[in-house]
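Written out below as structure tokens is the structure these notes cover.
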Amino acid sequence: MSRRPSRAELEAYAVHSDKAASRFDEAARDAEEALATETRPEVRAQYEAMSKFHQQHANEAREDSATYRDGRIPGEQW
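Whatever position you read off the sequence shown (first residue = 1), add 902 for the numbering used here.
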């Protein structure tokens with residue numbers, strides 16, 4: 903059986919998740935900016951998919967961060 907992470911380790915994981923969320927947010931904004939000027943339907947569809955993908959992962963990273971700060975590990979069953 904593995905040991906439980908310390909509070910400090912969980913906080914470090916939360917900070918890492920916060921940074922990941924920020925990077926995903928930035929990538930989503932970049933896709934939205936590109937979408938604003940793109941006129942080709944097939945390329946617009948790609949930018950829309952990229953934006954949605956990055957927004958979803960940003961939200962998941964924020965949820966993980968909150969879970970770590972609650973003293974839990976994402977996906978862990980108690």
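From the three backbone atoms N, C-alpha and C, an ideal C-beta is built for every residue, glycine too.
For P943, the uninterrupted alpha helix (DSSP H) run begins and ends at P943 to R971, by DSSP.
It is roughly 17 Å from the alpha-carbon of K954 to the alpha-carbon of T939. Under a 10 Å Cβ-count criterion, D972 is classified as exposed, with fewer than 16 other Cβ atoms of the shown protein chains found around its own Cβ. Taking 8 Å as the cut-off, the Cβ atoms of D927 and A960 count as close. The beta carbon of L937 is closer than 7 Å to those of R946, Y949, E950 and S953 in its chain, skipping five residues each way along the sequence.
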